[in-house]
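Participant: For the sequence shown, numbering that gives the first Met the number 0 assigns the number 0 to the initial residue and increments by one for each residue that follows. Handing you this structure, nothing more for now.
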Amino acid sequence: MSTKDFSYDNTNIPSGEDAVVAIVVAEWNAEITNALLNGAVSTLKKNKVAEEDILIYRVPGTFELTHAAKQILKYNFADAVIVLGVVIQGETRHFDFICQGVTQGITQLNIEYDEPVIFGVLTTNNMEQARDRAGGRLGNKGSEAAIAALKMIDFNLDISEDE
Ligand code: RBF
C-alpha cells in the first residue's frame, strides 16, 4: 500500500512495541468487517505490535461495539481499543439509529476512560462504497484505525511523561 492510500500522515507512525491493542469486530457485513480487521492487524504488526498483544473480539453488530469496548476498558488490559463495523444506508432503515448510537457511545467512552477508543465504523450508502474503503480503491479504514491507535497510545505516553 502506498502512502497516498492513507488519510493520515503515515510517514511518522509511532512504534507499537510493548503496546496492547484490543480490536472489536462486528459480524454484520462480515465480508467487509473481516477486510477491515485484516487491514488493522497487518498494520499493527507492521508497526511492531506483537501478535499476542493484538486481542480480537467479535460482537453481533455495530450497535454492540460500544458495550464490548466498555467492558474491555473496565478490565483495563489494553492501551487502545479499535472498533470495526459497517452500516450501509441502503440496506437498513436503522441506519441513523445505529450510527448515532455507536458514535455517541464511543464518544462517551473516550470521555470517561483514559485509553482511546478508535472509531473504525464505515457508514456508507452502498456496498460498493464500503468495499472501496475496506481494502479497495480508497484504501483500508481498518489500517487507518490501527495508525490512529498507535498515534493515540503515543500521545498518552507523551502526556504521562510530562507529569
Ligand atoms: N448491524 C451492523 O453492523 N450493520 C448494519 O447495517 C445493521 N443493520 C441492522 C438493521 C436492522 C433493521 C437491525 C434490527 C439491526 C441491524 N444491525 C446492523 C444489527 C445491530 O447492530 C445490532 O446487532 C442489533 O440491533 C442487536 O442489538
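Virtual Cβ for every residue (Gly too), placed ideally from N, Cα, C.
(1) Residues bridged to residue 87 by DSSP?
(2) Considering residue 149, what are the terminal residues of the beta strand (DSSP E) in which it resides?
(3) Taking residue 121 as the reference, which of 73, 29, 86 has the closest Cα?
(4) Going by the CB atoms, is the gap between residue 133 and residue 32 shorter than 9 Å?
(5) Name the residue from 19, 53, 135, 35 whose alpha carbon lies nearest to the alpha carbon of residue 118.
(6) Could you tell me the distance, in whole angstroms, from the CA atom of residue 97 to the CA atom of residue 65?
(7) May I ask you to report which of helix, strand or coil DSSP gives residue 130?
(8) Return yes when the C-beta of residue 85 is under 8 Å from any heavy atom of the ligand RBF, and no when it is not.
(9) DSSP on residue 38, reduced to helix/strand/coil?
(10) Hey, could you find the ends of the alpha helix (DSSP H) residue 72 is sitting in?
(11) Is it right to say residue 16 is buried, meaning 16 or more other beta carbons lie within 10 angstroms of its own, or is it exposed?
(12) May I ask you to check if the CB of residue 61 is nearer than 8 Å to at least one heavy atom of the ligand RBF?
(13) Looking at C-alpha atoms only, which residue of 30, 21, 76 is the closest neighbour of residue 55?
(14) Quick check: does the Cβ of residue 25 come within less than 8 Å of any heavy atom belonging to the ligand RBF?
(15) When you compare only the Cα positions, how much space is there between residue 12 and residue 52?
(16) Can residue 28 be considered in contact with the ligand RBF, in the sense that its beta carbon sits closer than 8 Å to one or more heavy atoms?
(17) I'd like the list of long-range same chain contacts for residue 7, defined as Cβ closer than 8 Å, with 5 residues on each side in sequence excluded.
Facilitator: The answer reads as follows:
(1) Paired residues: 123.
(2) DSSP places residue 149 in no beta strand (DSSP E) but in the uninterrupted alpha helix (DSSP H) bounded by 140-160.
(3) If we check each option's Cα against that of residue 121, 86 comes out closest.
(4) Taking 9 Å as the Cβ cut-off, residue 32 and residue 133 qualify as a contacting pair.
(5) Selected option, being the one with the closest Cα: 35.
(6) Taking the straight line from one Cα to the other gives about 11 Å.
(7) For residue 130, the secondary structure class from DSSP, reduced to helix, strand or coil, is helix.
(8) Result yes, Cβ under 8 Å from the ligand RBF.
(9) Looking at residue 38 - three-state DSSP - the assignment turns out to be helix.
(10) From DSSP, the alpha helix (DSSP H) with residue 72 extends over 64-74.
(11) Residue 16 is exposed by the Cβ-count criterion.
(12) Checking the Cβ of residue 61 against the ligand RBF gives yes.
(13) Residue nearest to residue 55 within the set 30, 21, 76 is 21 (criterion: CA-CA distance).
(14) Yes; taking the cut-off as 8 Å, the Cβ of residue 25 has a heavy atom of the ligand RBF nearer than that.
(15) Distance from the CA atom of residue 12 to the CA atom of residue 52, rounded to whole angstroms, is 18 Å.
(16) Placement of the Cβ of residue 28 at a distance of less than 8 Å from at least one heavy atom of the ligand RBF is found.
(17) Closer than 8 Å at Cβ, skipping near neighbours: 143, 146, 147, 150.
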